[in-house]
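Take the position in the sequence shown, starting the count at 1, then add 746; the result is the number in my numbering.
All C-beta atoms, glycine included, are put in the ideal place defined by N, C-alpha and C.
All values derive from a computational prediction rather than experimental measurement.
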Amino acid sequence: MTKPDKKTSSFMRSLCMGKIEEDLIVPFPAMKKEEGESLRTIFDSLNGWLKTKDKDFREWDVKGEMPRSFVDEMKEFGLFSLIVPEEFGGLGLSATGYSRALQQLTMYDGSLALTAGAHSSIGMKGLVLFGNDEQKKRFLPKLATGEMIAAFCLTESGAGSDAAAIRTKAERKDGKWVINGEKIWITNGGIADFFTVFAATDTPEGKITAFIVTKDMKGVRSGTHEDKMGIRASSTTTIYLENVEVPDENVLGEVGKGFKVAMKILNNGRTGLGGGCIGGMKKAIAACTKQAKQRKQFGRAIAEFGLIKQKIGNMVVDCYTAEAVVAMVAGNIDDGFEDYAVEAAISKVFATEALWRTVDEALQIAGGNGFMREFMYERAMRDSRINRIFEGTNDILRQPDL
Ligand SMILES: Cc1cc2nc3c(=O)[nH]c(=O)nc-3n(C[C@H](O)[C@H](O)[C@H](O)COP(=O)(O)OP(=O)(O)OC[C@H]3O[C@@H](n4cnc5c(N)ncnc54)[C@H](O)[C@@H]3O)c2cc1C
């Protein structure tokens, strides 16, 4: 039996060509025992802290902002250190462990999970994947403690799905890069100090380059906090870049190869988003099954009616399948496979839509209560909707040729 080539093998790409490469998925990837044990300890302390915050999460959703003091608590609990390698002071979680951690956070609050997730999944992922030793030494210890919070700056008013159309420019001047442009809807924009910025660089090597930009650079400014439908307490702002001088040592990856950097970050980050969706599903299933057992109509608990059982059955099938699909992609990444773009896209599309179906049906089971702010359902629905839009819309991910 020939071993699969880790650079080029992809189970789903092969399947599309009618070839079944079992060696890629058998044995089914599993989390390492030691990592599972340390996660359990971490979750025990997180649960003790977060279970006291439910009222606060609800208030911050209504207000549309979380206080800086809570972000400081997130730092103390190590929520910005999840994927930073241990040698730089982080927890060094694998893709599998990280995905599981985001699942845990989403069980408490979507904005909390997004704040931690945008930092790790996309904000500083480029540094972890493409940074050189000097860049890692310079920034990773600060990113691990949360002294620096990270954000990913790709989208512009004229470049959403068509990310290659960005107009933010980086030009060479006096031995430096000078960046001008505006990035919109940047998660963590109002609290971040470290930005992975993509800018057009008309160089023979390629059209886009990724840069590390820091808040202390002259000309970097965040806009006002966006008033959103969901994940309202998370920070989303415009980032203005005006004549920002960036030294060569802050180029991330190779000059001209920034589009590849962006796509690799997004593909790799999808296991975090997938984990979040699974957490959201589990929370909704727990809430609506409890509700269905307690609520009596026609003389019995509504949980006894076949139609309600069927709805819950479908949710559980969706949740189990999403967890398996996300675990498969994370396992492939942890096993060192490099071509998981198709699998990651499938996992994002499936998990985000499964979450949407689940929260919708959970709200339906709760009936009128589901529509009331007092219960968790309407917030879960508002918080879930974004997942089908950001980190590549599901429509775009359904078209592998784009
Ligand atoms: C709350 C929030 C947080 C975000 N965080 C970040 C962030 O941290 N960093 C960042 O860089 N960006 C961020 N974004 C931006 C996000 O990634 C984009 O909104 C997303 O990529 C879609 O771009 P768009 O909104 O411009 O939609 P458009 O590209 O204008 O698309 C509009 C619609 O048309 C569809 N469409 C477009 N082209 C096609 C096609 N060829 N075929 C079929 N359908 C198509 C899309 O699927 C969509 O439904 C965030 C957005 C939001 C709302």
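Proximity test, residue i beta-carbon vs ligand 1 heavy atom, cut-off 6 Å
i: Asp1141; result: yes
i: Ser907; result: yes
i: Ile958; result: no
i: Trp931; result: yes
i: Leu828; result: no
i: Phe1136; result: yes
i: Ile895; result: no
i: Phe898; result: yes
i: Thr955; result: no
i: Thr901; result: yes
i: Thr891; result: no
i: Ile1132; result: yes
i: Thr1098; result: no
i: Thr982; result: yes
Span of the beta strand (DSSP E) around residue i
i: Ala956; result: Gly952 to Thr960
i: Phe1005; result: Counting along the chain, Phe1005 falls outside any beta strand (DSSP E), though it belongs to the alpha helix (DSSP H) covering Gly1004 to Gln1040.
i: Phe944; result: Phe940 to Thr949
i: Asn926; result: Lys922 to Thr933
i: Ala897; result: Ala896 to Cys899
Where the alpha helix (DSSP H) through residue i begins and ends
i: Arg1128; result: Tyr1123 to Arg1131
i: Phe757; result: Phe757 to Cys762
i: Thr982; result: Taken as a continuous stretch (DSSP letters only), Thr982 belongs to no alpha helix (DSSP H), being part of the beta strand (DSSP E) at Thr982 to Val992.
i: Arg1106; result: First, the residue type needs correcting, since residue 1106 is Asp and not Arg in the sequence shown. It spans Ala1087 to Ala1112 - the alpha helix (DSSP H) in which Asp1106 sits, taken as one unbroken run.
i: Asn1060; result: Gly1052 to Asp1080
i: Phe803; result: Asp800 to Lys809
i: Val874; result: Lys871 to Phe876
i: Glu781; result: Lys779 to Leu796
i: Glu917; result: From DSSP, Glu917 is part of no alpha helix (DSSP H) but of the beta strand (DSSP E) over Lys915 to Lys919.
i: Leu966; result: A small correction: the amino acid at residue 966 is Val; Leu does not occupy that position in the sequence shown. It is not in any alpha helix (DSSP H) - Val966 instead sits in the beta strand (DSSP E) that spans Val966 to Ser968.
i: Tyr844; result: Ala841 to Thr852
i: Pro887; result: Asp879 to Thr891
i: Gly856; result: Gly856 to Gly863
i: Ile1142; result: Asn1140 to Leu1143
i: Lys821; result: Arg814 to Glu822
Supposed close pair residue i, residue j - CB separation, criterion 8 Å
i: Leu851; j: Leu858; result: 5 Å
i: Thr1098; j: Asn1133; result: 4 Å
i: Gly927; j: Lys915; result: 6 Å
i: Ser719; j: Thr891; result: Because the chain is modelled from 747 through 1148, residue 719 falls outside the range shown and cannot be assessed.
i: Ser1038; j: Ala1032; result: Here residue 1038 turns out to be Ala, not Ser, going by the sequence shown. Between Ala1032 and Ala1038 the Cβ distance is about 11 Å, and since that is not below 8 Å, they are no contact.
i: Leu825; j: Ala862; result: 4 Å
i: Val817; j: Ile977; result: Incorrect: roughly 15 Å between the Cβ atoms, too far for contact.
i: Ala979; j: Met812; result: 4 Å
i: Phe957; j: Val997; result: 6 Å
i: Lys922; j: Glu991; result: 5 Å
i: Gly1002; j: Glu1137; result: In fact, because the Cβ distance is near 24 Å, the residues do not count as touching under 8 Å.
i: Ala1100; j: Ala1076; result: Incorrect: roughly 17 Å between the Cβ atoms, too far for contact.
heavy atom of ligand 3 below 6 Å from residue i C-beta
i: Thr984; result: This structure simply doesn't include ligand 3; it includes ligand 1 instead.
Exercise. Tell me, please, whether the stretch 1012-1025 touches the stretch 1061-1075 by the rule of three or more beta-carbon pairs shorter than 8 Å.
Key: The stretch 1012-1025 vs the stretch 1061-1075: in contact.
Quiz item: Would you say the stretch 985-999 touches the stretch 962-974, given that touching needs at least three Cβ pairs under 8 Å?
Solution: Output reads yes: the stretch 962-974 touches the stretch 985-999.
Exercise. Say whether the stretch 1051-1062 touches the stretch 1001-1013, bearing in mind that this needs 3 or more beta-carbon pairs closer than 8 Å, one atom from each stretch.
Key: Using a Cβ-Cβ distance cut-off of 8 Å, the stretch 1051-1062 and the stretch 1001-1013 are not in contact, since fewer than three pairs of beta carbons, one from each stretch, lie closer than that value.
Quiz item: So, do the stretch 956-963 and the stretch 1112-1125 have three or more beta carbon pairs nearer to each other than 8 Å?
Solution: Too few Cβ pairs lie closer than 8 Å, so no.
Quiz item: Would you call the stretch 891-907 and the stretch 865-873 in contact, with 3 or more CB pairs under 8 Å?
Solution: Judged by pairs of C-beta atoms under 8 Å, the stretch 891-907 touches the stretch 865-873, as three or more such pairs exist.
Exercise. Determine, using beta-carbon pairs with one atom in the stretch 903-915 and one in the stretch 937-957, whether at least three such pairs fall under 8 Å.
Key: Enough Cβ pairs lie closer than 8 Å, so yes.
Quiz prompt | Three CB pairs or more closer than 8 Å across the stretch 786-806 and the stretch 924-938 | solution = At 8 Å Cβ cutoff, the stretches do not touch.
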